[in-house]
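Report on the structure given below.
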Amino acid sequence: MVAFQVGILSPLLSLTSATALYSTYSFHPLEHLGGVAPYFEPQDPPTLPSAPQGCSAVRAAYLSRHAAIYANDYDYEAYIEPFVEKWENYTGIDWSKIPGLNFLAKWNPPISEAEQELLTRVGKLEATQLGVSLSFRYPGLRLPKRVWTSSAERTAKSAQALVRGFELDDNTINVVSIYESEEGGADNLTPYKACPAYSSSAGSDQFSAFLKVFAKPIVARLESLAPGFNFTAEDVYGMMELCGYESVIRGSSPFCDLDLFSPDEWLGWEYAADIMYHYNVGYGSDINGVIGLPWLKATADLLLKNDGSNEQDLYVSFTHRELPPTVLVAMGLFNNSAFGGTAGSINDTMPLGHINHRRAWKSSRILPFLGNIAVERLNCSGSYGFADGEYYRVLVNNSPQELPGCGDGPGTSCSRQGYEAYVQEREELFGGFSKKCGVDYDNSTDTLTIYTDPSVGNGTVVGKRSGSLWG
Ligand SMILES: *[C@@H]1O[C@H](CO)[C@@H](O)[C@H](O)[C@H]1NC(C)=O
Ligand SMILES: *[C@@H]1O[C@H](CO)[C@@H](O)[C@H](O)[C@H]1NC(C)=O
Ligand SMILES: *[C@@H]1O[C@H](CO)[C@@H](O)[C@H](O)[C@H]1NC(C)=O
Ligand SMILES: *[C@@H]1O[C@H](CO)[C@@H](O)[C@H](O)[C@H]1NC(C)=O
Ligand SMILES: *[C@@H]1O[C@H](CO)[C@@H](O)[C@H](O)[C@H]1NC(C)=O
Ligand SMILES: *[C@@H]1O[C@H](CO)[C@@H](O)[C@H](O)[C@H]1NC(C)=O
Ligand SMILES: *[C@@H]1O[C@H](CO)[C@@H](O)[C@H](O)[C@H]1NC(C)=O
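Residue numbering for the sequence shown is -18 to -1, 1 to 453, as defined by mature numbering (1 follows the signal peptide of the UniProt record, and there is no 0).
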């Protein structure tokens, strides 16, 4: 039996990993679950998160996906509910006698229709913990006055939970809700909803093609264990999704057991998700960089500004899973074609018949629950080999990333001139939101102004909530 371990290796185990006399293999399904992965920091790459020698952050902007929820409505309706209903309806199988699936004799489905899309306790805790982590990362920065969020309940509750971790006294930080308008142009935290050229179903055909490939042997294996259940590829996908959802609801899930699904099968699930995200929010569609650019541009303006007009040092915003990956495309990060993959098109890097294990685009590392992107402005002096001054740095889930063509500073950072030129170059590639999106309403805009536009208002305060801390 392969042990299932969540979290970090024990110190003893990591000491023994220097020897190859016995197997040190370990595998964590929760780190391969794409958009259903609980928050983790994948260290991809394992660059040091603290500021480079001689540098300290003087300003930063964060864009975060909401924290863990009970289930996304599409995931629930397409994969989880059909499996659960079939399991509930069909009495022809004595699950207690089936190895690997015997827990289904007594299992209770963790999600009801009413709870879908709401934050779980784990989700609230993850977001609160990010608030505390930010206070550790930026001890020298002023606490923010405002935190921004798109208007859905799960993003708003994530913002409130972060604020509860961040503020020391009640009612000192406001949450500003930005309406998820279909006519909002680029001026909100859900610009993909206002972009007709964006298709929320992009990637589903390619996903389905690979789903059949990876699920085929699993379906055959499960069917031989429990003949008559008529397992489908969608059932398999839903069962594996339940590993993630049940874990963030109950703290563990029997679906994560490596005796039920092997590591290679989890890698197949992960790749199917990565194919979908590649076309849906990644490099597989030309519109995605266009959707991500306004946040890159707006935060670059906030960070580069030198006129003393910044109301805050730290700008944190919450959105849904679609936006952060499009910002990464606008930035040029996790590009499978970078560093030499020039033969063929970007789509050839995500073949539909087998897994490209060497891809840079791994959704589990990009958009787990609470997945986040940070841009920091650093003040550096005495960084050996570099001039004193201002530098810029990007972190994804707390791993510093070197921007393509913008790495002339200490560590992974880039000089002010370099960053200005880089942002301008990305703008030339991906600017022009309204035109490229083909907006069909006449009051669109290409820029994100919520951080400086006074008409957006000051939002509402967040109390600590006496009684129930996480309520
Ligand atoms: C399960 O049974 C209910 C009620 O009889 C029915 O509406 C539903 O379609 C069934 N679901 C499946 C997947 O067979
Ligand atoms: C355009 O008008 C609609 C309807 O009044 C509004 O919801 C939307 O936010 C506006 N868009 C912009 C970019 O102001
Ligand atoms: C699987 O298919 C068989 C044959 O069509 C049918 O009798 C059985 O009820 C199906 N099982 C489920 C769980 O629907
Ligand atoms: C990748 O595939 C998508 C969907 O078929 C297509 O729209 C896009 O143009 C392709 N990209 C390239 C570079 O061929
Ligand atoms: C991805 O990398 C390739 C190769 O360097 C480059 O040609 C392409 O422009 C990059 N894509 C984006 C969106 O940055
Ligand atoms: C950054 O460094 C400059 C000198 O290089 C200094 O004038 C400025 O006050 C510093 N800013 C902060 C916020 O520490
Ligand atoms: C927001 O707060 C600032 C002070 O921090 C105040 O000047 C401004 O009038 C407030 N705006 C609104 C819309 O209440």
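The C-beta atom is built at its ideal place from N, Cα and C for all residues, glycine as well.
Once the 5 residues before and after residue i are set aside, which same chain residues still bring their CB inside 6 Å of it?
i     : result
A282  : V405
L171  : S132, I160, S299, T301
A191  : L334
G274  : T308, V309, V311, A312
P11   : C225, C238, W248
G166  : A176
Y44   : V298, N354, A356
M258  : G185, F189
S(-9) : At S(-9) the pLDDT is 48, less than 50, meaning the model places this residue with poor confidence; the figure from the coordinates comes in the next sentence. Within the same chain, S(-9) has no close Cβ partners at all.
G210  : G74
V444  : Q142, V145, V157
Can you tell me whether residue i is buried or exposed, with buried defined as 16 or more other CB within 10 angstroms of its CB?
i           : result
E228        : buried
D55         : exposed
K279        : buried
S78         : exposed
H339        : exposed
E293        : exposed
S448        : In this prediction, S448 has a pLDDT of 43, which is less than 50 and means its spatial position is unreliable; what the coordinates show is noted afterwards. By the neighbour-count rule (16 or more Cβ atoms within 10 Å), S448 is not buried but exposed.
A208        : buried
residue 464 : The shown model of the chain, from -18 to 453, leaves out residue 464, and the question about it has no answer.
I(-11)      : Residue placement at I(-11) is flagged as unreliable, the pLDDT there being 43, under the threshold of 50; a coordinate-derived value is accordingly withheld.
G413        : buried
K417        : exposed
A42         : buried
F415        : buried
E410        : exposed
Distance check for residue j and residue i, CA to CA, integer angstroms please.
i           : j    : result
residue 455 : G353 : There is no way to answer for residue 455, as the model of the chain reaches only from -18 to 453.
M(-18)      : D241 : Below a pLDDT of 50, predicted positions are generally treated as unreliable, and M(-18), at 38, falls in that range; the measurement from the model is reported next regardless. The alpha-carbon atoms of M(-18) and D241 are separated by roughly 7 Å.
W277        : K88  : 47 Å
V(-13)      : E13  : At V(-13) the pLDDT is 43, less than 50, meaning the model places this residue with poor confidence; the figure from the coordinates comes in the next sentence. Looking at the two C-alpha atoms, the distance is approximately 9 Å.
F(-15)      : I51  : Per-residue confidence for F(-15) stands at a pLDDT of 44, beneath the threshold of 50, marking its modelled position as unreliable; no derived number is given.
N425        : A179 : 17 Å
V378        : A356 : 6 Å
I269        : L3   : 51 Å
N71         : K106 : 34 Å
Y265        : F9   : 28 Å
N317        : E135 : 32 Å
R408        : P81  : 53 Å
Q98         : M221 : 17 Å
P306        : G271 : 11 Å
N84         : G314 : 46 Å
E59         : L100 : 15 Å
F148        : S46  : 15 Å
V104        : V18  : 13 Å
T102        : D435 : 33 Å
P91         : A215 : 19 Å
L296        : V230 : 28 Å
G290        : R124 : 14 Å
H336        : E164 : 37 Å
G364        : S327 : 43 Å
Leaving aside the five residues before and after residue i along the sequence, list all residues of the same chain whose C-beta is less than 7 Å from its C-beta, in chain order.
i    : result
E304 : Y174, V263
T442 : N156, V157
C388 : C396, G400, Y401, Y404
L86  : W69, W77
D169 : T427, T429, L430, T431, I432
N361 : C37, S38, V40, E372
D26  : R347, S381
A61  : With the sequence shown as reference, residue 61 is identified as Tyr, and Ala is not the correct amino acid for it. Answer for Y61: E216, Y219, G220, E223, listed in chain order.
Would you please state the rounded distance, in angstroms, between the beta carbons of residue i and residue j? I believe it to be under 8 Å.
i    : j    : result
P392 : P64  : Not confirmed; about 53 Å, so no contact.
A109 : L144 : 5 Å
L204 : F213 : 5 Å
A49  : S140 : 5 Å
G113 : S38  : Not confirmed; about 20 Å, so no contact.
H260 : W130 : With 8 Å as the limit, H260 and W130 do not qualify as a contact, their Cβ atoms being about 28 Å apart.
Whose C-beta lies closer than 8 Å to the C-beta of residue i among residues of the same chain, with five residues either side of it excluded?
i    : result
R398 : L286, G371, E372, Y373, Y374
Y120 : A39, A42, D295, L296
When the Cα of residue i is compared with those of the options, which residue comes out closest?
i    : options                : result
S346 : L83, S181, L249        : L249
E23  : D422, S381, T429       : S381
Y366 : G36, K194, E67, S206   : G36
G185 : A141, A254, G445, E164 : A254
Y219 : V201, R232, S206       : V201
S267 : E252, N329, W251       : N329
D151 : S163, E162, E164, P126 : P126
I93  : L15, R232, T394        : R232
Y7   : S32, V66, P199, P245   : P245
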